[in-house]
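The C-terminal position of the sequence shown is numbered 372 in the working numbering, with every residue numbered one higher than the one before it. We treat Cβ as the ideally placed atom computed from N, Cα and C, and that holds for glycine. These figures come from a predicted structure and were not determined experimentally.
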Amino acid sequence: MKIWLIIIMAAFFVTLALLAAWRHLDRRADAHAWDELRTDIGVVNGTYNSALVQGLPKPAQRYFNFMIDPGAPLHTVVELQMIGELGRGTKASHQYSPMSAHQILAPPHGLVWQVDTGPLSGSDGALPTQSWTRFWLFGLLPVVRVGGADHQRSAFGRVVAEAAFWAPASLLPSKHVCWEAVDDSTARAIVRYGPFEQAVDITVDEEGAPSRVLIQRWSNENADKVYREQPFGGELSAFESHDGYRLPTRVEGGNHFGTADYFPFFKAEITDIRFPGEGR
93 MKIWLIIIMA AFFVTLALLA AWRHLDRRAD AHAWDELRTD IGVVNGTYNS
143 ALVQGLPKPA QRYFNFMIDP GAPLHTVVEL QMIGELGRGT KASHQYSPMS
193 AHQILAPPHG LVWQVDTGPL SGSDGALPTQ SWTRFWLFGL LPVVRVGGAD
243 HQRSAFGRVV AEAAFWAPAS LLPSKHVCWE AVDDSTARAI VRYGPFEQAV
293 DITVDEEGAP SRVLIQRWSN ENADKVYREQ PFGGELSAFE SHDGYRLPTR
343 VEGGNHFGTA DYFPFFKAEI TDIRFPGEGR
């Protein structure tokens, strides 16, 4: 009996060590991806002036002229700290958990979002060649590990949607981005990168502040659990100035945005905004 107890205890501690090593590898992978987006991509090219958006639909011109001050560096990478709530379930039956998160956003190349909700922690990420969702229970038990082609297409949709929130300079006309009119208050940016194409509709007020962002996202967050295009978006408010940018510090959004099935599973308050790459 004593020998068996020793064997069981040894197996237990070996398992804990292996799980801790696995979690450490996840953290290292997150850090490597973060550094790749921050160091290799976070380069400032030029400054903003309204001539850059001449010829765009009027709502797009108002959007850029509101979001970016004349002479501001064209930051296309942003780092964010946030607190808020994450919802689980459906509109009919859901619950919220408090969350805190740290994120780097580098459209169209990718993002890393590291989040802690108490018992659950982990990350969402996207790079040009891969994407992932990895969550752990109490930092020890892997409970969610998702990737693959459908996931990467969905992750690219998130990158483009959040570009409209917090990285407006990444949506200036370029080889990756073109614009078209929708109506008097909404313009559509179409972002192409690698094998992916994603349109994002940005609705602005008279001043140019974006009030809502909408994409058709490739997602399986539906009753059938089947990947398909469906509305995803959010509402933006509480704009604050940061180094020549006016960015929203409150965002609510989620799947099925604008439909009867929508509930905002993501509620965030931005507590810090930084632009890497300044002066490079």
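Mapping DSSP to helix, strand and coil, what is tyrosine 155?
In the sequence shown, residue 155 corresponds to position 63, counting from 1. Residue state, collapsed to three classes: helix.
May I ask you to check if the CB of arginine 237 is nearer than 6 Å to at least one heavy atom of the ligand PLP?
Absence of the ligand PLP from the depicted structure is noted, as is the absence of any ligand whatsoever, leaving it without description.
Could you tell me which residues DSSP puts in a beta bridge with isoleucine 294?
For the purposes of this step, residue 294 is taken as the residue at position 202 of the sequence shown. Isoleucine 294 pairs with Ala279, Val305.
Buried or exposed (CB count within 10 angstroms, at least 16 for buried), phenylalanine 230
What you label residue 230 is simply residue 138 of the sequence shown in a count that begins at 1. With fewer than 16 other Cβ atoms within 10 Å, it is exposed.
Would a C-beta distance cut-off of 7 Å place glycine 325 and glutamate 344 closer than the cut-off?
Here residue 325 is taken as the residue at index 233 of the sequence shown, counted from 1. Here residue 344 is taken as the residue at index 252 of the sequence shown, counted from 1. The answer is no: Cβ separation not under 7 Å.
Quick check on DSSP: helix, strand or coil for histidine 167?
Position 75 of the sequence shown, counted from the first residue, corresponds to residue 167. If DSSP states are grouped into helix, strand and coil, histidine 167 belongs with coil.
Around the Cβ of leucine 263, are there at least 16 other Cβ atoms within 10 angstroms (buried) or fewer (exposed)?
Translated into positions along the sequence shown, residue 263 becomes position 171. So leucine 263 counts as buried.
Starting from glycine 249, trace the alpha helix (DSSP H) in both directions and tell me its first and last residue.
What you label residue 249 is simply residue 157 of the sequence shown in a count that begins at 1. 241–258 is the extent of the alpha helix (DSSP H) around glycine 249.
Use the C-beta contact count for histidine 348: other C-beta atoms within 10 angstroms, 16 or more gives buried, fewer gives exposed.
On the sequence shown, position 256 is the one that residue 348 refers to. With 16 or more other Cβ atoms within 10 Å, it is buried.
So, for arginine 342: in the same chain, excluding its five sequence neighbours on each side, which residues have a beta-carbon less than 6 Å away from its beta-carbon?
Position 250 of the sequence shown, counted from the start, is the residue given in the question as residue 342. Beyond the five residues adjoining it in sequence on each side, arginine 342 comes within less than 6 Å, by CB distance, of Ser329, Ala330, Glu361 in the same chain, given in chain order.
If you compare alpha carbons, which of Asp364, Thr139, Ala291, Asn312 is closest to aspartate 161?
Along the sequence shown, read from residue 1 onward, the residue named residue 161 stands at position 69. From the listed residues Asp364, Thr139, Ala291, Asn312, the smallest Cα separation to aspartate 161 is found for Thr139.
Under 7 Å between the Cβ atoms of glycine 300 and asparagine 157?
Along the sequence shown, read from residue 1 onward, the residue named residue 300 stands at position 208. Along the sequence shown, read from residue 1 onward, the residue named residue 157 stands at position 65. In contact: glycine 300 and asparagine 157 (Cβ atoms closer than 7 Å).
Reference alanine 112; option with closest CA among Leu233, Val296, Ala259, Phe367:
Position 20 of the sequence shown, counted from the start, is the residue given in the question as residue 112. Taking only the C-alpha atoms, the option nearest alanine 112 is Leu233.
Would you tell me roughly how many angstroms separate the C-alpha atoms of glycine 371 and leucine 166, rounded to the nearest one?
Position 279 of the sequence shown, counting from 1, holds the residue named residue 371. Position 74 of the sequence shown, counting from 1, holds the residue named residue 166. Low per-residue confidence applies at glycine 371: pLDDT is 39, beneath 50, and the placement is therefore not dependable, though the value from the model is reported in the following sentence. Each residue's alpha carbon lies about 11 Å from the other.
Can you give me the Cβ contacts of aspartate 122 inside the same chain, cut-off strictly under 7 Å, excluding the 5 residues immediately before and after it?
Within the sequence shown, residue 122 is the residue found at index 30, counting from 1. Here the set comprises Val204, Gln206, Ser215, Gly217.
Taking the DSSP output, what are the residues bridged to tyrosine 285?
To locate residue 285, count along the sequence shown from 1; it is residue 193. Looking at the DSSP assignment, tyrosine 285 forms a beta bridge with Phe288.
Determine whether the beta carbon atoms of isoleucine 196 and tryptophan 126 lie at a separation below 7 Å.
As a working mapping, residue 196 is identified with position 104 in the sequence shown. As a working mapping, residue 126 is identified with position 34 in the sequence shown. Yes, the pair counts as a contact, with Cβ atoms nearer than the cut-off.
When the Cα of tyrosine 188 is compared with those of Pro368, Lys359, Phe367, Arg366, which residue comes out closest?
For the purposes of this step, residue 188 is taken as residue 96 along the sequence shown, with counting starting at 1. The shortest C-alpha separation from tyrosine 188 is found at Lys359.
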